[in-house]
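All remarks here apply to the structure that follows.
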Amino acid sequence: MEVLLLLDALENIIDKAANLPLSTKVIVNKEELLEIISDVRIKMPDELKQAQWIKEERQKILIEAKKEAENIKKECEERLQSSMEDRKKILADAQKEAEMYKIEADRRIKDMIDENEITKRATEQAREIMHSAQQDAKKIRLGSKAYADDLLAELGTRVENISIIIKNNREELKNRKR
Numbered sequence: 052m053e054v055l056l057l058l059d060a061l062e063n064i065i066d067k068a069a070n071l072p073l074s075t076k077v078i079v080n081k082e083e084l085l086e087i088i089s090d091v092r093i094k095m096p097d098e099l100k101q102a103q104w105i106k107e108e109r110q111k112i113l114i115e116a117k118k119e120a121e122n123i124k125k126e127c128e129e130r131l132q133s134s135m136e137d138r139k140k141i142l143a144d145a146q147k148e149a150e151m152y153k154i155e156a157d158r159r160i161k162d163m164i165d166e167n168e169i170t171k172r173a174t175e176q177a178r179e180i181m182h183s184a185q186q187d188a189k190k191i192r193l194g195s196k197a198y199a200d201d202l203l204a205e206l207g208t209r210v211e212n213i214s215i216i217i218k219n220n221r222e223e224l225k226n227r228k229r
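Listed below in structure tokens is the structure:
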């Protein structure tokens, strides 16, 4: 800032000025001091305007970054909610399918109960169907948990990116002040 340089020059003139004997007063060139004071008066409004502009820009950037962060947060929350609803639906569907397999297995067992060999085969098939249904339900549960975890990881990455953007903007503002 030029005003600070002018004030430094003014201070330098006073420091190097000759002292009056037995006094704290000094002898300075009046015209030189008045010229520096005039320059300070000329430069001061421009520097104040620039400082005000920097302050306003900083505020705009912070507001914009906050809005963006809120939008991303809201979007992630909506996606997470949707994911949770999808997960519940998948689990409900898996349970219904498992119940249907169980009902089918029970029906087959009942139909084949009269003959020993047929009964053994039906029991084995029912076990296989139940095992398969349980495995399918387990895979669906694990898949929905992984999907929710992926969404949370994406949310964390976005929040970190926003934090980096805000930090960079603050650094940029600090650097503009200098």
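For the sequence shown, the working numbering assigns the number 52 to the initial residue and increments by one for each residue that follows.
From the three backbone atoms N, C-alpha and C, an ideal C-beta is built for every residue, glycine too.
Check	Outcome
Residue of N80, L113, I65 and A60 minimising C-alpha distance to N220	L113
Counted within 10 angstroms of its Cβ, other Cβ atoms place L231 as buried (16 or more) or exposed	Because the chain in this structure spans residues 52 to 229, residue 231 falls outside the shown range and cannot be described.
Neighbourhood of D157 by C-beta distance below 8 Å, restricted to the same chain and skipping five residues each side	A177
S89, buried or exposed, once every other Cβ within 10 Å from all chains shown has been counted against 16	exposed
Y198 vs R109 beta-carbon contact at 9 Å	no
Pair within 9 Å by beta-carbon distance, E136 and E98	no
Length of the line joining the Cα atoms of R192 and I141	8 Å
Inter-stretch contact at 8 Å, needing at least 3 Cβ pairs: the segment 114-128 / the segment 74-85	no
A145 - containing alpha helix (DSSP H), residue span	K81 to D162
Anticipated Cβ contact below 8 Å, I154 with T174, distance rounded	Not confirmed; about 16 Å, so no contact.
Where A48 sits in the DSSP three-state scheme	Residue 48 falls outside the range modelled here, since the chain spans only 52 to 229, and no answer is possible.
A204 versus E115 - alpha carbon distance	24 Å
Boundaries (first-last residue) of the alpha helix (DSSP H) holding A60	E53 to K67
Nearest-angstrom Cα separation, counted from E107 out to A143	54 Å
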